[in-house]
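Below is one structure, written out as structure tokens, with a few remarks after it.
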Amino acid sequence: MAAPPPALLLPLAALLLAQAPAWAQDEGAATADAAASPPEAEPAGPRWSAELRAEYVQGEQVIIPISVRNPGTDTLAVPDVGERPWLVRFDMILPDGRTISRYNTPPEWDPSTTWRLSPRGSRRALLEVPGGFGDFPRFELVVRLVEGDRSTEIARQAVRRTAPVVAAVDLGPDRSTGARGGPVAAWVHRSAEGAELMLHSAVGADPRGPTTIRHLAHLDGPVTPLLAAQAPADASSATVVWATGSRGLHVLRVEGVGGAATDVQVDAPWPAAEPIGRPAAVAGGTLVPLWVPAPKGDGGELRLVSIDHRGKPGFPRVDRYDHRPLDVRALVDSSGAAHFLVRHDEGVDLYTVRPDTPFGADALPPPGLRIWKPAPGLTLHGAQFGSLPRTDDDPGGLAVLLMVEQPGGLVGRWRDLQGRRITDVPPVAVPDGAALVGVAPDGATSLGLLFVAAGKGLWLEGRTTRVELGALPDRAQAVRLPDGTPALRVPGTREPVAIIPVSLPAPVPATTP
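In my numbering, the protein residues as written are 298 to 810.
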């Protein structure tokens with residue numbers, strides 16, 4: 298039987314401690330004898346183990362951590378299964394008694410690489426099960442180390458395969474110039490043992506193509522995840538933040554597929570505080586926008602919790618606001634700088650944390666500037682990060698798109714990260730009773746606009762095309778597919794993310810008089 302997941306160790310320990318007094322009372326003499334006897338020495342030789350779960354999600358990339366430790370006092374040499382994965386076999390014993398083995402094909406020449414384990418030392422490797430678990434719903438999984446004619450059982454676990462049961466989804470940050478790989482989303486699978494935090498990723502730039510599901514952590518119960526924005530070069534890692542209680546933050550950062558995790562719990566020094574908007578993961582640690590309401594009234598402070606990789610937090614103040622900000626978005630550029638776009642009643646502010654900024658307790662308030670102020674006759678409907686293509690007149694790159702309604706209609710205003718004007722998109726009329734819920738730019742001069750009115754969606758493409766969408770799913774995200782087709786990216790119930798293309802009418806061919 299495999300060792301229980303780390304998140305279950307504390308409840309298990311508590312249960313054992315709770316039962317200990319009754320056992321001691323019934324077996325007092327035996328307990329005294331056991332206490333007087335010295336503990337038996339652990340047999341010499343390496344101790345292999347594998348971290349297995351009782352439940353895996355269909356479609357999940359199955360990564361099994363394999364560990365070995367040296368309990369003795371002499372240095373040991375053991376096979377390096379990271380470099381020689383064909384030495385590990387995964388046997389699925391089906392209910393009908395059949396056994397299906399998964400393993401890597403051995404090469405013609407075995408390099409015979411080894412790990413040298415010092416006394417009390419250990420090593421760990423991450424092995425993907427070749428071909429995964431297939432479509433078998435239930436089986437017993439046996440992990441074996443096979444060296445020539447010798448086979449050593451490492452772990453054994455009853456496994457069940459389940460369809461995703463989606464409890465919560467975060468569709469992820471705004472896409473930006475230089476993004477590698479496809480769009481990602483953090484989601485929570487409701488399992489029999491509690492909940493599993495997962496990462497949904499498109500393999501390529503097209504979200505309609507193949508996707509992967511990665512397991513990030515076991516949770517005691519469902520949470521509302523916030524997937525942090527990060528630099529394009531950090532595509533293999535993931536940082537997820539969620540609220541705990543009235544003022545707590547939980548930050549989980551996982552390096553690579555199945556890699557080491559940094560698990561941090563932080564409590565804010567106020568009676569009430571809540572994460573607001575998108576966090577950002579940078580080289581120094583994690584930045585989490587935090588709203589601290591005032592004791593009275595609707596106002597409060599926006600803080601930027603700065604948590605270094607050791608878990609030490611700082612709480613520099615960003616600004617005071619008369620009302621809770623409407624939206625906070627985050628973006629990390631290729632230099633590693635984090636940008637936060639704050640939309641509120643008094644306008645739009647942009648704050649930047651440079652890569653060399655101190656973290657943790659030494660964190661400083663981020664410098665900021667107001668890139669839009671309200672004016673008579675103008676109404677702001679949205680603000681988001683985006684990117685512009687390079688042209689002869691503009692270098693392109695990261696930018697901010699402001700959606701401003703003025704007497705002539707709804708205008709898209711592109712501004713650079715210093716708030717300077719780049720270009721404006723021609724205005725479109727706002728449908729009666731409609732609210733803007735998403736924008737999908739098509740270059741610098743055309744926009745796809747997603748509206749909702751009475752629960753039904755409406756897509757406006759450019760200034761001329763109007764598409765009725767019917768009932769609109771909650772938290773729909775307007776996106777562009779690689780071929781320019783507009784689409785909705787929405788949370789699913791039986792799948793983490795669904796892609797719904799918007800069918801635009803075919804252009805009417807020009808006629809020759």
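The C-beta atom is built at its ideal place from N, Cα and C for all residues, glycine as well.
#### Entry: Beta-carbon contacts of residue 660 that lie in its chain and below 6 Å, excluding the five residues immediately before and after
If you number the sequence shown from 1, residue 660 lands on position 363. Same-chain partners within the cutoff: 603, 611 and 613.
#### Entry: For residue 800, three-class secondary structure by DSSP
As a first step, residue 800 is located in the sequence shown; it is residue number 503 there, counting from the start. Coil, per DSSP.
### Query
Can you round the beta-carbon distance between residue 796 and residue 504 to whole angstroms, since I take them to be within the 8 Å contact cut?
For the purposes of this step, residue 796 is identified with residue 499 of the sequence shown, where counting begins at 1. For the purposes of this step, residue 504 is identified with residue 207 of the sequence shown, where counting begins at 1. The pair is a contact, with the Cβ atoms about 5 Å apart (cut-off 8 Å).
### Query
According to DSSP, is residue 524 helix, strand or coil?
Here residue 524 is taken as the residue at index 227 of the sequence shown, counted from 1. DSSP places residue 524 in strand when its eight states are reduced to three.
### Query
Alpha carbon to alpha carbon, what distance is there between residue 682 and residue 379?
On the sequence shown, position 82 is the one that residue 379 refers to. On the sequence shown, position 385 is the one that residue 682 refers to. About 41 Å.
### Message
Short of 7 Å in beta carbon distance, which residues of its chain neighbour residue 489, apart from the five on each side in sequence? Order them along the chain.
### Response
If you number the sequence shown from 1, residue 489 lands on position 192. Once the five neighbours on either side are set aside, the close Cβ partners of residue 489 are 352.
### Task
Count the other C-beta atoms from every protein chain shown that fall within 10 angstroms of the C-beta of residue 391, then say buried if there are 16 or more, exposed otherwise.
For the purposes of this step, residue 391 is identified with residue 94 of the sequence shown, where counting begins at 1. Exposed, since its Cβ has fewer than 16 Cβ neighbours within 10 Å.
### Task
Report all residues from its chain with a CB closer than 6 Å to the CB of residue 617; omit the five preceding and five following residues, and keep chain order.
As a position in the sequence shown, residue 617 is number 320, starting the count at 1. Result list for residue 617: 598, in chain order.
### Query
Should the region 509-523 be regarded as contacting the region 487-501, the criterion being three or more beta carbon pairs within less than 8 Å?
yes
### Query
What number of angstroms, rounded off, separates the C-alpha of residue 646 from the C-alpha of residue 628?
In the sequence shown, residue 646 corresponds to position 349, counting from 1. In the sequence shown, residue 628 corresponds to position 331, counting from 1. C-alpha separation (whole angstroms): 14 Å.
#### Entry: Option in 673, 794 and 692 with minimal Cα separation from residue 480
Counted from its first residue, the sequence shown places residue 480 at position 183. It is 794.
### Message
Only counting the same chain, and skipping five residues up and downstream in sequence, which positions put a Cβ closer than 7 Å to that of residue 551?
### Response
To locate residue 551, count along the sequence shown from 1; it is residue 254. Hits under 7 Å: 513, 534, 535 and 558.
### Query
If you draw a straight line from the C-alpha of residue 759 to the C-alpha of residue 725, how long is it?
Taking the first residue of the sequence shown as 1, we reach residue 759 at position 462. Taking the first residue of the sequence shown as 1, we reach residue 725 at position 428. Those two C-alpha atoms are separated by around 8 Å.
### Message
Does residue 464 come out as helix, strand or coil in the three-state DSSP assignment?
### Response
Within the sequence shown, the letter at position 167 stands for residue 464. Here residue 464 sits in strand by DSSP.
### Message
Excluding the 5 residues flanking residue 776 on each side, which residues of the same chain have their C-beta closer than 6 Å to its C-beta?
### Response
What you label residue 776 is simply residue 479 of the sequence shown in a count that begins at 1. Within its own chain, the residues whose Cβ lies closer than 6 Å to the Cβ of residue 776, once the five positions on either side in sequence are excluded, are 737, 784 and 786, listed in chain order.
### Query
Apart from the five residues on each side of it in sequence, which residues of its chain come closer than 7 Å, Cβ to Cβ, to residue 789?
For the purposes of this step, residue 789 is identified with residue 492 of the sequence shown, where counting begins at 1. So the qualifying residues of the chain are 463 and 795.
### Query
Taking the Cβ atom as the reference point for each residue, do residue 685 and residue 741 lie within a distance shorter than 7 Å?
To locate residue 685, count along the sequence shown from 1; it is residue 388. To locate residue 741, count along the sequence shown from 1; it is residue 444. Closer than 7 Å, so yes.
### Close Cβ partners of residue 714 (< 8 Å) along its chain, the five nearest in sequence each way excluded
The count along the sequence shown starts at 1 and reaches residue 714 at position 417. Only 636, 647, 649, 695, 696 and 697 meet the Cβ criterion.
### Query
By a C-beta neighbour count over all protein chains shown, 10 Å radius and 16 as the cutoff for buried, is residue 255 buried or exposed?
Absent from the model: residue 255. The displayed extent of the chain is 298 to 810, so no value can be given.
### Message
If you follow the beta strand (DSSP E) that residue 512 is in, where does it begin and where does it stop?
### Response
Along the sequence shown, one-based indexing puts residue 512 at 215. Residues 508-516.
### Task
Please state if the CB of residue 383 and the CB of residue 362 are separated by a distance shorter than 7 Å.
The count along the sequence shown starts at 1 and reaches residue 362 at position 65. The count along the sequence shown starts at 1 and reaches residue 383 at position 86. Not a contact, by the Cβ cut-off of 7 Å.
### Query
Smallest Cα separation from residue 607: which of 622, 549, 668 and 623?
Residue mapping note: residue 607 aligns to position 310 of the sequence shown, counting from 1. The candidate whose alpha carbon is nearest that of residue 607 is 549.
#### Entry: Span separating the alpha-carbon of residue 792 from that of residue 451
Taking the sequence shown and counting its residues from 1, the one referred to as residue 792 is at position 495. Taking the sequence shown and counting its residues from 1, the one referred to as residue 451 is at position 154. Taking the straight line from one Cα to the other gives about 33 Å.
### Task
Kindly give me the distance between the Cβ atoms of residue 395 and residue 368, rounded to whole angstroms, as I take these residues to be in contact under 8 Å.
Here residue 395 refers to the residue found at position 98 of the sequence shown. Here residue 368 refers to the residue found at position 71 of the sequence shown. In fact, because the Cβ distance is near 36 Å, the residues do not count as touching under 8 Å.
### Outcome for residue 575 when other beta-carbon atoms lying within 10 angstroms are tallied against a minimum of 16
Residue 575 sits at position 278 when you count from the first residue of the sequence shown. Flag for residue 575 reads buried.
#### Entry: Reduced DSSP category for residue 384 - H, G, I as helix; E, B as strand; rest coil
If you number the sequence shown from 1, residue 384 lands on position 87. Residue state, collapsed to three classes: helix.
### Query
Can you tell me whether DSSP reads residue 745 as helix, strand or coil?
As a position in the sequence shown, residue 745 is number 448, starting the count at 1. If DSSP states are grouped into helix, strand and coil, residue 745 belongs with the strands.
### Query
Exposed or buried, what is residue 323 when buried is set at 16 or more other beta-carbons lying within 10 Å of its beta-carbon?
Taking the sequence shown and counting its residues from 1, the one referred to as residue 323 is at position 26. With a pLDDT of 32 at residue 323, under the threshold of 50, the modelled position of that residue is not reliable, and the figure given next carries that caveat. It counts as exposed.
### Query
Looking at residue 586 and residue 819, is the spacing between their C-beta atoms short of 7 Å?
The chain is shown from 298 up to 810; residue 819 falls before or after that span and cannot be answered.
### Query
Going along the chain, which residues of its own chain have a beta-carbon closer than 8 Å to the beta-carbon of residue 373, five neighbours each way excluded?
In the sequence shown, counting from the first residue as 1, residue 373 sits at position 76. These residues qualify, in order along the chain: 342, 343, 367, 413 and 414.
### Task
Could you tell me which residues DSSP pairs with residue 447 in its beta bridges?
To locate residue 447, count along the sequence shown from 1; it is residue 150. Per DSSP, 444.
### Task
Evaluate residue 467 with the Cβ neighbour count: other Cβ atoms within 10 Å of its Cβ, from every protein chain shown; 16 or more gives buried, anything less gives exposed.
Working through the sequence shown from its first residue, we reach residue 467 at position 170. Within 10 angstroms of the beta-carbon of residue 467 lie 16 or more other beta-carbons, which makes it buried.
### Task
Let me know the secondary structure DSSP gives residue 560 once reduced to three states.
Position 263 of the sequence shown, counting from 1, holds the residue named residue 560. It is a strand residue.
### Query
Whose CA, out of 630, 678 and 348, lies closest to the CA of residue 641?
Within the sequence shown, numbered from 1, the residue matching residue 641 stands at position 344. Each of 630, 678 and 348 was checked against the Cα of residue 641, and the nearest Cα belongs to 678.
### Element boundaries [beta strand (DSSP E), containing residue 678]
Translated into positions along the sequence shown, residue 678 becomes position 381. From DSSP, the beta strand (DSSP E) with residue 678 extends over 676-685.
### Task
Might you give, ordered along the chain, the residues of its own chain that have their beta carbon closer than 7 Å to the beta carbon of residue 580, omitting 5 neighbours on each side?
Translated into the one-based positions of the sequence shown, residue 580 becomes position 283. Cβ neighbours of residue 580 beyond the five flanking positions: 633 and 652.
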